[in-house]
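Worksheet: one structure, shown below.
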Amino acid sequence: MNQPAPPPPTQNTHINLHQQKLFALIGAGIGLLGMILPWSVVNMGLGGFGASQSSNGFGGWGLLSLLGVVGVIVASLIGDKMKPFDANFKLVAIGSFGAILLGAFIVFMQISGNRGFGLKTGIGLWICIIAGVLGILWCAGIIKLPPKNPTQPPLPPPPAR
Numbered sequence: 000m001n002q003p004a005p006p007p008p009t010q011n012t013h014i015n016l017h018q019q020k021l022f023a024l025i026g027a028g029i030g031l032l033g034m035i036l037p038w039s040v041v042n043m044g045l046g047g048f049g050a051s052q053s054s055n056g057f058g059g060w061g062l063l064s065l066l067g068v069v070g071v072i073v074a075s076l077i078g079d080k081m082k083p084f085d086a087n088f089k090l091v092a093i094g095s096f097g098a099i100l101l102g103a104f105i106v107f108m109q110i111s112g113n114r115g116f117g118l119k120t121g122i123g124l125w126i127c128i129i130a131g132v133l134g135i136l137w138c139a140g141i142i143k144l145p146p147k148n149p150t151q152p153p154l155p156p157p158p159a160r
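So in numbering that gives the first Met the number 0, spot 37 of the sequence shown is number 36, and the numbers just go up one at a time.
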């Protein structure tokens, strides 16, 4: 009797991460993107004409935000990736998102104190502040997303005749 050939093995190409850790990594990535974008913009001209200069988050207190991004990545990738954060790594992730927020907030306060010199906040600073706040709320469990819908189990094969 000819038996059908077994199906070819499927390749597992998706990343096996718990939803909480995956969203924490996404938040850290958004914070890193915010660090690349301008944090401060200085206009050196009259009426919008002239030169402008911008700086990103890779200097000064922005380095605290960079350490926070690294902390979130480390907390998410150490241990069992298929389980949510345990108590210690949850605190590390919350503290790391707090570092992202604190570094960006300190720079925001410095820029706010020097507004008379044509200094303005950039979009990257706001993105880091939002990423820090949302990351803290996500890891603390205040913001919850609905779980993924479970997939239907495959139907059993028909009985043999």
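Ideal Cβ placement from N, Cα and C applies to all residues, glycine included.
| query | CB TRP60 to CB VAL132, shorter than 7 Å? | reply | The answer is no: Cβ separation not under 7 Å.
| task | Tell me whether LEU118 sits in a helix, a strand or coil according to DSSP, three-state version. | result | Three-state result, LEU118: strand.
| Is the distance from the Cβ of GLY121 to the Cβ of VAL40 below 7 Å? | Closer than 7 Å, so yes.
| query | Skipping 5 residues on each side, what residues in its chain have a beta carbon closer than 7 Å to that of GLN19? | reply | In its chain, beyond the 5 residues on either side, PRO83 and PHE84 have a beta carbon closer than 7 Å to the beta carbon of GLN19.
| Span of the alpha helix (DSSP H), counted from its first residue to its last, around ASN173 | Outside the shown range of the chain, which is 0 to 160, sits residue 173, and nothing can be said about it.
| task | Could you tell me which residues DSSP puts in a beta bridge with SER53? | result | DSSP lists VAL40 as the beta-bridge partner residues of SER53.
| field | Residue from LYS80, VAL68, LEU21 and GLY140 with nearest C-alpha to MET34 | value | Across the set LYS80, VAL68, LEU21 and GLY140, the C-alpha of VAL68 shows the shortest separation from the C-alpha of MET34.
| query | With DSSP run on the structure shown, which of helix, strand or coil describes LEU100? | reply | The answer is helix: DSSP assigns LEU100 an H, G or I state.
| request: With DSSP as the reference, label LYS89 as helix, strand or coil. | output: LYS89 carries a helical assignment under DSSP once its states are collapsed to helix, strand and coil.
| field | Close Cβ partners of ALA139 (< 7 Å) along its chain, the five nearest in sequence each way excluded | value | Taken in chain order, the residues that qualify are ILE93.
| message | Applying the 10 Å Cβ sphere with the 16-neighbour rule, what's the burial state of GLY78? | response | By the 10 Å Cβ count, GLY78 comes out exposed.
| Comparing the C-beta of GLY117 with each C-beta of chain C, is any distance below 7 Å? | Any reference to chain C falls outside this structure, which holds one protein chain only.
| Closest residue to LYS80 among ALA159, PRO5, LEU21 and ALA4 (Cα-Cα distance) | Cα-wise, what sits closest to LYS80 is LEU21.
| message | Would GLY123 and LEU36 qualify as a contact pair, given that the criterion is a beta-carbon distance under 7 Å? | response | The answer is yes: Cβ separation under 7 Å.
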